[in-house]
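Residue numbers (my numbering): 139 to 443.
All residues carry an ideal CB built from backbone N, CA and C; glycine is no exception.
These figures come from a predicted structure and were not determined experimentally.
In what follows, a single structure is set out as structure tokens and then discussed.
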Ligand SMILES: NC(=O)c1ccc[n+]([C@@H]2O[C@H](COP(=O)([O-])OP(=O)(O)OC[C@H]3O[C@@H](n4cnc5c(N)ncnc54)[C@H](OP(=O)(O)O)[C@@H]3O)[C@@H](O)[C@H]2O)c1
């Protein structure tokens, strides 16, 4: 007797070539109940994706909502990942974080997608004085005011092989003389990228009524300075930890970002040196068990060997 094949839930992922997206698609490839349309902006993006019969890579444009809606057809959930922390000459928060989210929401509605999952950031608010956090808050508002079922997951620094956070940690901890912004005393709650993607997939499987916003952080709070020293120890590197006063770092960032038309700005420095604090961690609500920080750091070390 022939057994029926398992029913597959189809999700669509924007910014699929991001570090979160690539890891999410690796989870999709291993799952038994999910398939994904992976939206990227270029052939280079396509080439960077995991290859799997469950992953259908599509080149999309956020400027053409009808075309975007076409790519989302048949998906029950859109996982919106495209977004930036660091602006450059051509890509600004208003376009990459706000306008792109508005386009994705509009396209999802045109394609009758039922649920949108947005990865946002701790501190996002349309009223924030920080331009980045404000843009993420405005992105959240496009989602919450769409009337669609939505799950917003605000996250801290993400760690895992190939995340920007891990790259920066490796650079700092292997440099010999680590220069930390400020005194490095700000508290981090690093979240394992695998945990985030388990949470995203669980959210995709359970469509909420209305809009829900979660704050999901890792299990351990650790000052950045200690994180760097602990990681250097695991890498077997000796480092001397020095500091750069914040006002000097911001002055330098103001000058260099004006010359380059982007890069590290005082806005970015304020984001990365803010303590990551939440009142309620959403791990239980999102049905995941948090990976211990030491295990996450081990994964990064092994990936570098
Ligand atoms: N990494 C973290 O620690 C962290 C923490 C909190 C929240 N988040 C959020 O999680 C999401 C994924 O982060 P990530 O670090 O994995 O991202 P990432 O690796 O830096 O990738 C950024 C993605 O955004 C796309 N993108 C950039 N500019 C765009 C534009 N103007 N229009 C459309 N797409 C654009 C990129 O596409 P191209 O390659 O085509 O440029 C790429 O797919 C982002 O929304 C980010 O804000 C990340």
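*asked:* Classify residue 371: buried if its beta carbon has 16 or more other beta carbons within 10 angstroms, exposed otherwise.
replied: Counting from 1 along the chain shown, the entry for residue 371 is found at position 233. Exposed, by the Cβ-count rule.
_My output table needs one value for residue 368: the three-state DSSP class, helix, strand or coil._
To locate residue 368, count along the chain shown from 1; it is residue 230. Correct three-state label for residue 368: helix.
_With three or more beta-carbon pairs closer than 8 Å as the criterion, would you say the region 241 to 259 touches the region 214 to 223?_
yes
*asked:* Measuring only from the beta carbon, is residue 233 closer than 7 Å to any heavy atom that is part of ligand 1?
replied: As a working mapping, residue 233 is identified with position 95 in the chain shown. At least one heavy atom of ligand 1 is nearer than 7 Å to the Cβ of residue 233, so yes.
*asked:* Quick check on DSSP: helix, strand or coil for residue 425?
replied: Position 287 of the chain shown holds residue 425. In this structure, residue 425 counts as coil in the three-state DSSP scheme.
*When you compare only the Cα positions, how much space is there between residue 81 and residue 290?*
Shown here, the chain extends from 139 to 443; a query on residue 81 therefore has no answer.
*With DSSP as the reference, please indicate the residues paired to residue 196 in a beta bridge.*
As a position in the chain shown, residue 196 is number 58, starting the count at 1. For residue 196, which the question treats as bridged, DSSP gives the partners 177.
_Along the chain, where does the beta strand (DSSP E) containing residue 378 start, and where does it finish?_
One-based indexing of the chain shown puts residue 378 at position 240. Per DSSP, residue 378 belongs to the beta strand (DSSP E) from 378 to 382.
*Simplified DSSP assignment, three categories, for residue 313*: Numbered from 1 along the chain shown, position 175 holds the residue referred to as residue 313. Of the three classes helix, strand and coil, the one that applies to residue 313 here is coil, per DSSP.
*Under three-state DSSP, which class holds residue 292?*
By 1-based counting over the chain shown, the position of residue 292 is 154. Residue state, collapsed to three classes: strand.
*In chain order, what residues of the same chain lie with their CB nearer than 6 Å to the CB of residue 317, ignoring the 5 residues before and after it?*
Numbered from its first residue, the chain shown carries residue 317 at position 179. So the list reads 380, 382, once near-sequence residues are dropped.
*asked:* Please classify residue 183 as buried or exposed, where buried requires at least 16 neighbouring CB atoms within 10 angstroms.
replied: Sequence index remark: in the chain shown, residue 183 carries index 45 (1-based). Buried, since its Cβ has 16 or more Cβ neighbours within 10 Å.
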